[in-house]
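Scroll down for the structure; my scribbles are underneath it.
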Amino acid sequence: MYVIVAFDISEESNREVVRRYLRSLGLSMVNRSVYAGVGGQSIAEKISEKVREIVGERDHVFIILVQESEYLRAIVCTKEYCRRVEDEKFEVI
């Protein structure tokens, strides 16, 4: 199972606290506001409890659980190519 966390947080200081917390749980940055990593329901709940302490009134955090098989079928695109995650090891930022 994979946990994907996408967020829209207005304050940079709050974004940085969330980023550090997600990295501490072993999640990797997919882009500036999306993190992903191996985890299940307990990690998702842990994240939800922590981010409620951090986010502001108008901020949003989406926590999505997906099966590994679904995650590996995700398509990653750059200017040069589009490939499935399962076809290549992608370097995380």
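Its first residue numbered 21, the sequence shown is counted upward by one per residue in the working numbering. Ideal Cβ placement from N, Cα and C applies to all residues, glycine included. The structure presented is a predicted model; accordingly, all values stated were derived computationally and were not measured.
| query | result |
| --- | --- |
| When the Cα atoms are used, what is the spatial distance from Ser30 to Arg78? | 8 Å |
| Per DSSP, Tyr22 is paired with what? | Val58 and Val86 |
| Could you round the C-beta distance between Val25 and Ile67 to whole angstroms and report it? I think they count as a contact, below 8 Å. | 6 Å |
| Which residues in the same chain as Ala64 place their Cβ atom closer than 8 Å to its Cβ, once the five residues preceding and following it in sequence are excluded? | Val23, Ile83 and Leu85 |
| Quick check: the Cα distance between Ser89 and Arg103, rounded to an integer number of angstroms? | 15 Å |
| So, under 8 Å CB-CB, Gly57 and Leu47 are touching, yes? Tell me the CB distance rounded to an integer number of Å. | 4 Å |
| Per DSSP, what kind of secondary structure is Arg93 in: helix, strand or coil? | coil |
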